[in-house]
Amino acid sequence: MQPIVPPPPSSPLTQTLGQLNDAVRQLPADAEHSAPARLRREAIALAEVIHRDGDRPSVAHTVEANRLLRRIHGYLDQPEGVIVGLEDKINNKADEVKGKVKKGVGKATGDEELEAEGRLDEAKSDVKQAGEKIKDAFKS
1 MQPIVPPPPS SPLTQTLGQL NDAVRQLPAD AEHSAPARLR REAIALAEVI HRDGDRPSVA
61 HTVEANRLLR RIHGYLDQPE GVIVGLEDKI NNKADEVKGK VKKGVGKATG DEELEAEGRL
121 DEAKSDVKQA GEKIKDAFKS
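When we follow the UniProt record's numbering, the leftmost residue of the sequence shown carries the number 1, and every step to the right adds one.
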């Protein structure tokens with residue numbers, strides 16, 4: 001992987017950009033809407049701003065790079081189970097919403113099969129969410 005942005009000549013920003021580049025390389029390659037992907041996109045956007053400003057690095061660039069670096073380290077330092085558990089909860093909630101939408105569309109259009117499918121999706125989601133609550137209870 002290429003560096004995010006070539007560091008500008010000797011400045012306080014140079015060290016921070018090197019650390020940011022190393023941290024971004026440690027982020028897992030996840031789905032487009034995952035936390036690592038969002039952090040990676042933010043790093044790229046920051047790099048583009050710094051590159052656009054060229055040889056005029058500012059204190060704001062350094063502050064923003066340090067802020068993003070702290071967020072990436074915060075993500076990387078989380079125990080794996082915390083991240084996986086949160087993603088499971090989000091996915092289960094999304095399944096529940098999908099079921100409610102299917103059920104509602106089925107009711108509105110008179111499509112009993114779609115309505116039943118929506119109820120089934122909701123029920124599956126409820127079971128999964130109950131399982132997550134039990135796992136959380138044992139973690140505490």
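Glycine included, each C-beta is placed from N, C-alpha and C at the ideal position. These numbers come from a predicted model, not from an experiment.
Length of the line joining the Cα atoms of H61 and I50: 7 Å
By the 10 Å Cβ neighbour count, where 16 or more other Cβ atoms means buried, how is N92 classified, buried or exposed? buried
Within 9 Å, strictly: CB atoms of E117 and K107: no
Where P28 falls: helix, strand or coil (DSSP): coil
Do V24 and L13 have their CB atoms nearer than 9 Å? no
Sequence-distant residues of the same chain with beta carbon closer than 8 Å to E132, five excluded per side: The beta carbon of E132 lies closer than 8 Å to those of G85, D88, K89, N92 in the same chain, with the five residues before and after it left out.
Write down the C-beta distance between L76 and A43 rounded to the nearest angstrom, noting that I regard them as a contact closer than 8 Å. The Cβ separation is near 13 Å, so there is no contact.
Pop quiz: G99 and E64 are said to be a contact at Cβ under 8 Å. What is the actual Cβ separation, rounded to whole angstroms? Actually they are not in contact, since the Cβ atoms of G99 and E64 sit about 41 Å apart, beyond 8 Å.
Rounded straight-line distance, which links the Cα of G74 to that of M1: Low per-residue confidence applies at M1: pLDDT is 46, beneath 50, and the placement is therefore not dependable enough to give any value.
Please report the straight-line C-alpha distance between Q15 and V127, rounded to a whole angstrom. One alpha carbon belongs to Q15, the other to V127, and they sit about 49 Å apart.
Could you spell out where the alpha helix (DSSP H) holding G74 opens and where it closes? 59-76
Specify, as a first and last residue, the run of the alpha helix (DSSP H) that D53 falls within. 35-53
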